[in-house]
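My numbering numbers the first residue of the sequence shown as 2 and each following residue consecutively. Even for Gly, the Cβ is constructed at its ideal location relative to N, Cα and C. Below you'll find the structure, written out as structure tokens, and then a few comments.
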Amino acid sequence: MTRKKKKIRKVLIANRGVPAVRIMNTCRDKMIKTVAIYSTPDRLAYHVFLADEAVHIGEAPPHDSYLNMEKIIKTALETGCDAIHPGWGFLAENPEFAEMVEDAGLIWVGPPARVIRLMGDKIKAKKIAQRANVPTIPGAYNVKTPEDILKWMKEEEVEFPIMIKAAAGGGGKGMVRVDREEELSISLEKARSEAKKAFGDDTLLVEKYIQYGRHIEVQVLGDREGNILHLYERECTIQRRNQKILEEAPSPSINESLRQEICYTAVRLMREIGYYSAGTVEFLFDPKTKKFYFLEVNTRLQVEHGITELITGLDIVSLMFDIAEGKTLPFEQDQIYPNRHAIEVRINAEDPKTFNPSFGTITRLEIPQGPGIRVSSGVYEGADVPPYYDSLLMLVMAAGADRNEALRVMDRALSRGLRVEGVKTIAPLLLSIIRHPKFVEGKYSTRFINEHYQELLAAFKEKTADDEALKIAQYVAEVSALGPQSWM
Numbered sequence: 002m003t004r005k006k007k008k009i010r011k012v013l014i015a016n017r018g019v020p021a022v023r024i025m026n027t028c029r030d031k032m033i034k035t036v037a038i039y040s041t042p043d044r045l046a047y048h049v050f051l052a053d054e055a056v057h058i059g060e061a062p063p064h065d066s067y068l069n070m071e072k073i074i075k076t077a078l079e080t081g082c083d084a085i086h087p088g089w090g091f092l093a094e095n096p097e098f099a100e101m102v103e104d105a106g107l108i109w110v111g112p113p114a115r116v117i118r119l120m121g122d123k124i125k126a127k128k129i130a131q132r133a134n135v136p137t138i139p140g141a142y143n144v145k146t147p148e149d150i151l152k153w154m155k156e157e158e159v160e161f162p163i164m165i166k167a168a169a170g171g172g173g174k175g176m177v178r179v180d181r182e183e184e185l186s187i188s189l190e191k192a193r194s195e196a197k198k199a200f201g202d203d204t205l206l207v208e209k210y211i212q213y214g215r216h217i218e219v220q221v222l223g224d225r226e227g228n229i230l231h232l233y234e235r236e237c238t239i240q241r242r243n244q245k246i247l248e249e250a251p252s253p254s255i256n257e258s259l260r261q262e263i264c265y266t267a268v269r270l271m272r273e274i275g276y277y278s279a280g281t282v283e284f285l286f287d288p289k290t291k292k293f294y295f296l297e298v299n300t301r302l303q304v305e306h307g308i309t310e311l312i313t314g315l316d317i318v319s320l321m322f323d324i325a326e327g328k329t330l331p332f333e334q335d336q337i338y339p340n341r342h343a344i345e346v347r348i349n350a351e352d353p354k355t356f357n358p359s360f361g362t363i364t365r366l367e368i369p370q371g372p373g374i375r376v377s378s379g380v381y382e383g384a385d386v387p388p389y390y391d392s393l394l395m396l397v398m399a400a401g402a403d404r405n406e407a408l409r410v411m412d413r414a415l416s417r418g419l420r421v422e423g424v425k426t427i428a429p430l431l432l433s434i435i436r437h438p439k440f441v442e443g444k445y446s447t448r449f450i451n452e453h454y455q456e457l458l459a460a461f462k463e464k465t466a467d468d469e470a471l472k473i474a475q476y477v478a479e480v481s482a483l484g485p486q487s488w489m
């Protein structure tokens, strides 16, 4: 069935910071006017300045502002918008919001609400994957007691460690690894409590834990006419607390035949569920057995989409708008191929030693520049970093003809080009990671940071504002004591 095409002339971006700014840049290219929303502490935020219009949406707590669905839709209608783009995070994977947007006569720039709902339930998603003949990790659904888990382990001949997960989960929340039987009761309660708090649903599932697994995801695009293709894969293995902090494309873990297999498996699954817009299929790859297993489908724009854009030359956000307007994909699978290697790091406002959030005012900001570097920033010098939201300040991406060249560019970006003062960032840790011999060799797993934490910590020395003040004081003291020098 051919849909009636509807032009998007003005869009409300239901987000803040990095995702909002990223979408606005493409909107400017496409001559689409933008409406930003902001909470009280975000009134001077970067995305507010960048938009054509900005509307105050509520107070600091997300439920009063960026999660206030009724108010966001009302604002979109009052400002004459045709569409809403949710970015990532907040309401991006909320099927109720997607339905409300369309019921209000607005265009939802994303996949159908039905698919978001289906893929938001890990248990249903896993069953659909099995139906589409996509390999899944051995697991049990809706476990309630330690006895349920032990019974499943005995029947399936699964040994510890195992992973307990929230069925409605995502973003690493509600996930607990269990190494011994004695930990089962406490771990089950912990996962249940986290799941209830994060998703309002404490349904749990349990899976075999793949030791030294690698996290590989496939970027997929589909239009409303049923055309689906992939933009190859990304490796997202470097994580801390189940949250990604570094990604690269293509993956250094797999060969060409595995690449084709994993990418076409993702396309097959997305075709099975009737997907359109941009989406990502996540897999866990076991390097020991060379097998990959379905994890989940992310029914939104991914944080790390930029490295796929760098290696393919495409604008995924632009294509999302085209698909939302009813246009068909302008190319076929054999016209897409990666011709570079790209790496992305997430510059979070966190203490690199403890990962505790760091907030305050950015007193100095230098953004990396030069060949092969792309930066998606959500802040500016003088901006406040509030404690209420995600700690992501910017994404720094580096591209090169091959992986070694991309690593050299990233080293330059982090060691010579980036400077953030006023808040702490994880940049020193990221620099330690990309210089670590095991990472350079491509020999790493999801446990990389845990296993090499002390080495990584020892490899960097933080520069703080106190260090700078001491340097200046020392300089003043020397001049005072010695008098003017010949080199001055």
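Quiz prompt | Per DSSP, cross-strand counterpart(s) of L154 | solution = Contrary to the premise, residue 154 reads as Met rather than Leu in this sequence. For M154, no pairing in a beta bridge is given by DSSP.
Quiz item: Which of helix, strand or coil does DSSP assign to N134?
Solution: coil
Quiz prompt | Inter-residue spacing [alpha-carbon to alpha-carbon] between L302 and P112 | solution = 10 angstroms
Practice problem: Whole angstroms is fine: what's the gap from P139's alpha carbon to A279's? | Solution: Near 28 angstroms, if we compare the C-alpha coordinates of A279 and P139.
Practice problem: Rounded to whole angstroms, what's the CA-CA distance from D203 to I239? Just pull it up for me. | Solution: 27 angstroms
Quiz prompt | Nearest-angstrom Cβ-Cβ length linking L419 and E367, presumed shorter than 8 angstroms | solution = That belief holds up - the Cβ atoms of L419 and E367 are roughly 7 angstroms apart, short of 8 angstroms.
Practice problem: Just mark Y338 as buried or exposed, buried being the case when its beta carbon has 16 or more other beta carbons within 10 Å. | Solution: Y338 is exposed by the Cβ-count criterion.
Practice problem: Return the bridge partner residues of F91 from the DSSP annotation. | Solution: Paired residues: none, contrary to the question.
Quiz item: Smallest Cα separation from E79: which of A343, T355, L13 and F98?
Solution: L13
Quiz item: So Y454 is in the alpha helix (DSSP H); what residue range does that whole segment cover?
Solution: First-last of the alpha helix (DSSP H) with Y454: F449 to A459.
Quiz item: How big is the Cα-Cα spacing for I363 and V386?
Solution: 7 angstroms
Exercise. Buried or exposed for N95, please, with buried defined as at least 16 other CB atoms from any protein chain shown within 10 angstroms of its CB.
Key: buried
Practice problem: Determine the DSSP secondary structure at L394, reduced to helix, strand or coil. | Solution: strand
Quiz prompt | Contacting residues, own chain, Cβ-Cβ under 6 angstroms from I450 (five flanking each side not counted) | solution = R241
Self-check item: Bounding residues of the alpha helix (DSSP H) (the contiguous stretch that carries I58)
Solution: It is not in any alpha helix (DSSP H) - I58 instead sits in the beta strand (DSSP E) that spans E54 to G59.
Quiz item: How close, in whole Å, do the beta carbons of Y277 and G223 come, if the pair is a contact with beta carbons under 8 angstroms?
Solution: 4 angstroms
Quiz item: Secondary structure at E190, three-state DSSP: helix, strand or coil?
Solution: helix
Quiz item: Who are the near neighbours of R341 in its chain, counting only those whose CB is closer than 7 angstroms to its CB and skipping five residues on each side?
Solution: L311, I312, A400, G401 and A402
Practice problem: Consult DSSP for M2 and reduce its assignment to one of helix, strand or coil. | Solution: Note that M2 scores 44 on pLDDT, short of 50, meaning its location in the model is unreliable; the coordinates nonetheless yield the value given after this. Three-state DSSP puts M2 in coil, outside helix and strand.
Quiz item: Grouping DSSP H, G and I as helix and E and B as strand, with all else coil, what is V318?
Solution: helix
Quiz prompt | Pairwise C-alpha distance: K198 and S254 | solution = 35 angstroms
Exercise. Evaluate the contact criterion for the stretch 102-120 versus the stretch 43-57: three or more CB pairs, one atom per stretch, below 8 angstroms.
Key: No, they do not touch.
Quiz prompt | Contact check, E351 vs E305, beta carbons under 7 angstroms | solution = Not closer than 7 angstroms, so no.
Quiz item: When the Cα atoms are used, what is the spatial distance from Q261 to P353?
Solution: Here the alpha carbon of Q261 sits roughly 37 angstroms from the alpha carbon of P353.
Exercise. Kindly list the residues whose CB is nearer than 6 angstroms to the CB of F1, restricted to its own chain and excluding five residues on each side of it in sequence; keep chain order.
Key: There is simply no residue 1 to check, as the chain begins at 2 and stops at 489 in what is shown.
Quiz item: Using the C-alpha atoms, what's the distance from L151 back to N16?
Solution: Their Cα atoms are separated by approximately 43 angstroms.
Exercise. Determine the contact status of R193 and E218, defining contact as a CB-CB distance below 7 angstroms.
Key: no
Quiz prompt | Cutoff 8 angstroms; reference N143; Cβ partners in own chain excluding five residues on either side | solution = I124, A168, T204, L205 and L206
Quiz item: Whose C-alpha, out of E382, L230 and V282, is nearest the C-alpha of Q336?
Solution: L230
Quiz item: In chain order, which alpha helix (DSSP H) runs of at least 4 residues are fully inside the stretch 381-427?
Solution: 404-413
Self-check item: Contacting residues, own chain, Cβ-Cβ under 8 angstroms from A196 (five flanking each side not counted)
Solution: Only residues of its own chain outside the window of five on either side were considered, and among them A167, A168, A169, G170, K174, G175, D202, D203, T204 and L205 have a CB closer than 8 angstroms to the CB of A196, listed in chain order.
Quiz prompt | Those runs of the beta strand (DSSP E) which lie wholly inside the stretch 219-293 and span at least 3 residues | solution = 229-241, 244-250 and 278-287
Exercise. Look up I9 in the DSSP assignment and say whether it is helix, strand or coil.
Key: It is coil, neither helix nor strand.
Self-check item: heavy atom of the ligand ATP below 6 angstroms from F322 C-beta
Solution: No copy of the ligand ATP occurs in the structure displayed, which carries no ligand at all.
Quiz item: Just the Cα atoms here: how many angstroms apart are S252 and V380?
Solution: 30 angstroms
Quiz prompt | Where I344 falls: helix, strand or coil (DSSP) | solution = Reduced to three states, the DSSP call for I344 is strand.
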